[in-house]
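First up is the structure itself, then whatever we jot down about it.
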Amino acid sequence: MKFSPFCFLLFILPSLFAKDWPNFGGPLRSQFSDEVGLKINWGDEEPRKLWQMDVGLGYSSIIEVDGLAYTQGNKDGRNTLYCVNAVTGKIVWKHSYPCEKAPKFFDGGSRATPTIQDGILYLCSHEGDFYALDAKKGTILWTRNLIKDFQGKRPMWGYSGSPLVVSEKMIIETGSPAGSLICLDVKKGSLLWREGKNEAGYASPILNKSNEILIFNEFGLVIHDFKTGKIKKQYQHKTRYGINAAQPLIYGNNVFVSSAYGKGAALIDLTKRVPSAIWESEAYSCQMASLVRKGRYSFGIHGQAGGRSDQSKLFCLDLETGKEKWSEKGFGLGTLVLVRDHLVILSDRGEICLAEAHSEGFIEKARFQVLSGKNNWTPPTYVNGRMHCRSSSGSWVCLKMGQ
Numbered sequence: 253m254k255f256s257p258f259c260f261l262l263f264i265l266p267s268l269f270a271k272d273w274p275n276f277g278g279p280l281r282s283q284f285s286d287e288v289g290l291k292i293n294w295g296d297e298e299p300r301k302l303w304q305m306d307v308g309l310g311y312s313s314i315i316e317v318d319g320l321a322y323t324q325g326n327k328d329g330r331n332t333l334y335c336v337n338a339v340t341g342k343i344v345w346k347h348s349y350p351c352e353k354a355p356k357f358f359d360g361g362s363r364a365t366p367t368i369q370d371g372i373l374y375l376c377s378h379e380g381d382f383y384a385l386d387a388k389k390g391t392i393l394w395t396r397n398l399i400k401d402f403q404g405k406r407p408m409w410g411y412s413g414s415p416l417v418v419s420e421k422m423i424i425e426t427g428s429p430a431g432s433l434i435c436l437d438v439k440k441g442s443l444l445w446r447e448g449k450n451e452a453g454y455a456s457p458i459l460n461k462s463n464e465i466l467i468f469n470e471f472g473l474v475i476h477d478f479k480t481g482k483i484k485k486q487y488q489h490k491t492r493y494g495i496n497a498a499q500p501l502i503y504g505n506n507v508f509v510s511s512a513y514g515k516g517a518a519l520i521d522l523t524k525r526v527p528s529a530i531w532e533s534e535a536y537s538c539q540m541a542s543l544v545r546k547g548r549y550s551f552g553i554h555g556q557a558g559g560r561s562d563q564s565k566l567f568c569l570d571l572e573t574g575k576e577k578w579s580e581k582g583f584g585l586g587t588l589v590l591v592r593d594h595l596v597i598l599s600d601r602g603e604i605c606l607a608e609a610h611s612e613g614f615i616e617k618a619r620f621q622v623l624s625g626k627n628n629w630t631p632p633t634y635v636n637g638r639m640h641c642r643s644s645s646g647s648w649v650c651l652k653m654g655q
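Adding 252 to a residue's 1-based position in the sequence shown gives its number in my numbering.
Given below as structure tokens:
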């Protein structure tokens, strides 16, 4: 059956209009919500806390579909996936399985975010355990292991990319020299194709147009054919320790990539037979936090973990020219999402800041302390007027911040 752009639109449009956040970064993995009703002007008020719970160590972000919210965390040598009522925080079901926290220069815990489509939840651990479960009941439909079943090579800090599900196909990175990116049938978990030989990075695969998969792996940006997996193009962007983690940002026929450890950023022209950089800059070194885009301007956080994280800065970048419009310090190695015309920034110390997504300067509207601790690198999720925030130590807080 031919997979046409029209069929793709029929598939993806319902998720755009629904108030759901079904996978890492939202419906299109762009860290963007077009939901109306986010309260901006708070005065002396603070958001009402709807509920709070502990889910264990980790960095898995929160997804929400059909009134149920999900994330995973690590406690006592086990990863646990939680499904809760998004309004009350009451646990509906949970699935637990053996998995060490695997600390390495940080406290460890879960990494990847679950993905839901058509009532099935897809989950990967940092050790390569893969589950397909009934999203409403938690029953296991099928399981795989990326290392044992597909000869995967675990990256230094563990598997962190979240599954991409399109139609009847599920795509995930293995890092195997015999197929670094694989495609499985969503119903049975059977292998449809495996391609590439690069080691895994830490970003999640993205659908570009209707026929391409973008993956930011240890080599750099690699473009696979959606149907066959065949590598169409690639652009080398190697980073020390293989830490290519921030999501690629699609801008027309170009893609922006960024990493830290002195590598920096590039805007890549994909129209050429051999992709090349339109511009490059070390001024935008985003280690983990993905950028958001409004028109030709993007917003992100430059910096890297460790002793220099306090030097990190929020910046506004003109994608056309590669020039910085403005920058603002004080968020550490935080994260951000874009809700219509406003940035929601979560600092690594657990403070939420609302600011205008404006190219002419940083305009702060409100600021609240939400989480405690440090190294809070999980991006917030805004859906149905609820702001989900999660700390590295496992505190999941749900705030009422919109209609």
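Glycine included, each C-beta is placed from N, C-alpha and C at the ideal position.
Using the beta-carbon count (16 or more within 10 Å), is D381 buried or exposed? Numbered from 1 along the sequence shown, position 129 holds the residue referred to as residue 381. The residue in question, D381, is buried, as its Cβ has 16 or more Cβ neighbours within 10 Å.
Which two residues bound the contiguous beta strand (DSSP E) that contains S510? As a first step, residue 510 is located in the sequence shown; it is residue number 258 there, counting from the start. S510 -> beta strand (DSSP E) spans 506-511.
Can you find the residues in the same chain that come closer than 6 Å, C-beta to C-beta, to A196, ignoring five residues on each side of it along the sequence? This structure cannot settle anything about residue 196, because the visible part of the chain is limited to 253 through 655.
Given a threshold of 16 other Cβ atoms within 10 Å of its Cβ, counted over all protein chains shown, does T340 qualify as buried or as exposed? Walking along the sequence shown from the start, residue 340 turns up at place 88. Answer is exposed; the Cβ neighbour count stays below 16.
Distance, S611 Cα to L569 Cα: Counting from 1 along the sequence shown, the entry for residue 569 is found at position 317. Counting from 1 along the sequence shown, the entry for residue 611 is found at position 359. Roughly 8 Å between the two C-alpha positions.
Report all residues from its chain with a CB closer than 6 Å to the CB of S377; omit the five preceding and five following residues, and keep chain order. Indexing the sequence shown from 1 puts residue 377 at position 125. Within the same chain, S377 has close Cβ partners N331, C351.
Report the three-state DSSP secondary structure of Y634 (helix, strand or coil). As a first step, residue 634 is located in the sequence shown; it is residue number 382 there, counting from the start. It is a strand residue.
Figure out for me which residue from Q304, G547, V474 has the closest Cα to the Cα of G453. As a first step, residue 453 is located in the sequence shown; it is residue number 201 there, counting from the start. For G453, the nearest C-alpha among the options comes from V474.
Could you say which of Q499, G637, W273 lies nearest to F508 if we only look at CA atoms? Walking along the sequence shown from the start, residue 508 turns up at place 256. The residue with the shortest Cα to Cα distance from F508 is Q499.
Is Q539 closer than 9 Å to G514 when the C-beta atoms are compared? As a first step, residue 514 must be located in the sequence shown, where it is residue number 262. As a first step, residue 539 must be located in the sequence shown, where it is residue number 287. Cβ distance not < 9 Å, so G514 and Q539 don't count as in contact.
What residue range does the beta strand (DSSP E) around T573 cover? By one-based count along the sequence shown, residue 573 stands at place 321. No beta strand (DSSP E) holds T573; DSSP gives it neither H nor E.
Taking C-beta to C-beta, are T633 and S313 nearer than 9 Å? Here residue 633 refers to the residue found at position 381 of the sequence shown. Here residue 313 refers to the residue found at position 61 of the sequence shown. Closer than 9 Å, so yes.
Using DSSP bridges, identify the partner residues of R300. What you label residue 300 is simply residue 48 of the sequence shown in a count that begins at 1. In the DSSP output, where bridge partners are listed per residue, R300 has K652.
On the DSSP letters alone, give me the boundaries of the beta strand (DSSP E) that I656 sits inside. This structure cannot speak to residue 656, because the chain is shown only from 253 to 655.
Looking at C-beta atoms only, is the number of pairs between the segment 312-326 and the segment 342-361 that lie closer than 8 Å three or more? yes
Enumerate in chain order the residues of its own chain whose CB-to-CB distance from Q656 is below 7 Å, with the five nearest sequence positions on each side excluded. It is not possible to answer for residue 656, since the shown part of the chain is limited to 253 through 655.
Please name the residue or residues paired with P350 in a DSSP beta bridge. Within the sequence shown, residue 350 is the residue found at index 98, counting from 1. P350 is bridged to R330.
Starting from T395, trace the beta strand (DSSP E) in both directions and tell me its first and last residue. Within the sequence shown, the letter at position 143 stands for residue 395. 392-397 is the span of the beta strand (DSSP E), which, as asked, contains T395.
Same chain only: Cβ atoms within 8 Å of P429, ignoring 5 sequence neighbours per side: Working through the sequence shown from its first residue, we reach residue 429 at position 177. Same-chain partners within the cutoff: Q403, K405, K449.
Do you know whose CA, among K484, M639, E616, G472, lies nearest H594's CA? In the sequence shown, the residue the question calls residue 594 occupies position 342. The candidate whose alpha carbon is nearest that of H594 is E616.
Alpha carbon to alpha carbon, how far is S647 from P527? Walking along the sequence shown from the start, residue 647 turns up at place 395. Walking along the sequence shown from the start, residue 527 turns up at place 275. Each residue's Cα considered, the two are about 42 Å apart.
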